[in-house]
Amino acid sequence: MRTSIRRQLAALTIGLLVGTILACWFINNTFLEKYYELEKADVVREAYQRLNTAAVSGNLGSEEFAQEMGRFAFISNINVEVIDADSRIAYAVVFNNREELSKRLLRYIIGYAVDSTFGEEIYEDIPAPNTLFKYVDARSKTEYIEMYGQLENGHWFIVNTTMESIQESVKIANRFLAYIGVAAALVGGILMWFMSKRVTDPVLELAEISQRMAHLDFNARYHGREKNEIGLLGGNINQMSESLERTVSELKTANNELQKDIEKKERIDEMRKEFLANVSHELKTPIALIQGYAEGLKEGISDDPESRDFYCEVIMDEAGKMNTMVQKLLTLNQLEFGNDKVSMERFDIVAMIRTYLQSAEILTKQDGITVKMEQTQPVYVWGDEFKTEEVFMNYFTNAVHYCRGEKMIHVTVEQAEGKARVGVFNTGDPIPEESLSHLWEKFYKVDKARTREYGGSGVGLSIVKAIMESMNQEYGVQNYSDGVLFWFTLEEA
8 MRTSIRRQLA ALTIGLLVGT ILACWFINNT FLEKYYELEK ADVVREAYQR LNTAAVSGNL
68 GSEEFAQEMG RFAFISNINV EVIDADSRIA YAVVFNNREE LSKRLLRYII GYAVDSTFGE
128 EIYEDIPAPN TLFKYVDARS KTEYIEMYGQ LENGHWFIVN TTMESIQESV KIANRFLAYI
188 GVAAALVGGI LMWFMSKRVT DPVLELAEIS QRMAHLDFNA RYHGREKNEI GLLGGNINQM
248 SESLERTVSE LKTANNELQK DIEKKERIDE MRKEFLANVS HELKTPIALI QGYAEGLKEG
308 ISDDPESRDF YCEVIMDEAG KMNTMVQKLL TLNQLEFGND KVSMERFDIV AMIRTYLQSA
368 EILTKQDGIT VKMEQTQPVY VWGDEFKTEE VFMNYFTNAV HYCRGEKMIH VTVEQAEGKA
428 RVGVFNTGDP IPEESLSHLW EKFYKVDKAR TREYGGSGVG LSIVKAIMES MNQEYGVQNY
488 SDGVLFWFTL EEA
């Protein structure tokens, strides 16, 4: 990222370092020479004050003063000479060209100025007749800070010190500062590049989490333990993710309810009529059988105990089928009339399917059926988990009853375009093409003899249709040369 925080921090660090170095260079180049000059002038002035104090107290010729003043002169690199009224040297400490220093003092006393003797005065508040100034020697081209005049006891004095090529020193200092500045900027930028990773990595993690949340993936959580603002932001994002998940779940549930309510009034009258017609048709056969066998028992058509037991078993079997069919019809009726509320929630469809297959394992083993399912990773979807399991149960039950040939059932969960598609394939005979469009109708049976053999009512796939439409999802069936695939889809979470 060209505008990443990491790059910005590194650039800011280098910029600050370069700016600081440039500011130091400017200040050094502009003010160092003047500062150095004032420091030298202060040293000369302090030497005068020491001399004057010693002269007033009468210690000018003492050994103690000579040692103290000698150390100060050596450290400060100054030359000092004091003469009395008879032009005799009262005190002197000179490190070079003593004769020239004496001549300069005598010329000042008699009022004769040598070439370039006087230069720019540094201090204007020096008590008369003393003078403190800067000058350049015409012969040696050496720059001096010099002060001369009279002490309070009447002795004449001269103090001077050289200005050791301050311009060259400033150039060297600036060059050194430039080298150090470049190195500091590079090292600082590199260090900031690596250190900023501790800041930018959590920010990038939060950005990824927010992107996943934007696509309604609320599984993402921030696991950083920072105690700073980033840690606080991560905690707030986690709370927001939980709140959004609950809100989206509630909105999806409310949306489904709203869509059902819109269609409910238009369908209710037609469904009542259809329901009554289908129920009367489907119950006619079992009721007739029960009535016929019951009359036969009452009239004693057969006194054989085995025949009576057979009659009773037929009556019980038909009554059981009627009970199962009535229960399914009631379930279907609630779904179609919208009385059974659909609760949209986020759940793992793979875990739900595997749990059901474990419970149905004994059923498939009895029929010698092999069940395959490769999907192991969780797949989270939105839907009513209980009703989704009922859809899968209907598909799987039909697959068991119609499994032929290799006797294999293959369960798949495929993900594409934000949808999870669940498929149940069983080997066996394909469904006749003319029957495919009628499979989802109530009480429709492709093989009536086979359906009646295992107690089917022809309502299971109608329940599948009602459930899937209540969740506004797709479902269907597909023929293959060696079997049949039933499928349905749910929205990925």
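If you read the sequence shown in this note's numbering, its first letter stands for residue 8, the second for the next number, and so on.
All C-beta atoms in this analysis are idealised placements derived from N, C-alpha and C, irrespective of residue type, glycine included.
Just so you know, these numbers come straight off a predicted model, no measurement behind them.
Helix, strand or coil at residue i [DSSP, three-state]
i    : result
T371 : helix
I438 : coil
V420 : strand
M415 : strand
G68  : coil
Q480 : coil
Y115 : helix
S123 : At S123 the pLDDT is 41, less than 50, meaning the model places this residue with poor confidence and gives no usable figure here.
R428 : strand
D355 : strand
E44  : helix
A18  : helix
Y5   : In the structure displayed, the chain extends from 8 to 500; residue 5 sits before or after that span and is not available.
V466 : coil
G161 : coil
N245 : helix
N3   : Outside the displayed span of the chain (8 to 500) sits residue 3, for which this structure offers no information.
N262 : helix
N226 : coil
V166 : strand
Span of the beta strand (DSSP E) around residue i
i    : result
Q157 : 150 to 157
F140 : 138 to 143
T383 : Careful: T383 lies outside any beta strand (DSSP E) and carries neither H nor E.
A99  : 96 to 100
N86  : 85 to 90
E448 : First-last for E448: undefined, no H or E at that position.
V491 : 490 to 499
Straight-line Cα distance separating residue j from residue i
i    : j    : result
T496 : Q485 : 14 Å
V431 : L16  : 56 Å
G425 : H222 : 10 Å
F72  : A61  : 7 Å
P312 : N330 : 27 Å
V491 : E236 : 58 Å
K141 : L23  : 39 Å
V25  : N35  : 15 Å
E159 : I116 : 16 Å
F38  : L45  : 11 Å
W32  : A185 : 8 Å
G195 : V210 : 22 Å
T260 : M351 : 5 Å
T395 : G483 : 15 Å
A227 : E441 : 48 Å
Q74  : R52  : 19 Å
A406 : L443 : 16 Å
T383 : G327 : 38 Å
Buried versus exposed call for residue i [16 or more other C-beta atoms within 10 Å across all chains shown]
i    : result
Y409 : buried
G118 : exposed
G65  : exposed
N104 : exposed
F201 : exposed
D391 : buried
A54  : buried
M359 : buried
R353 : buried
K472 : buried
T434 : buried
L108 : buried
T149 : exposed
Rounded distance between the beta-carbons of residue j and residue i, thought under 8 Å
i    : j    : result
A97  : L67  : 6 Å
Y387 : A500 : 4 Å
I165 : L198 : So it is not a contact: roughly 55 Å between Cβ atoms.
Opening and closing residue of the alpha helix (DSSP H) in which residue i lies
i    : result
A406 : 392 to 408
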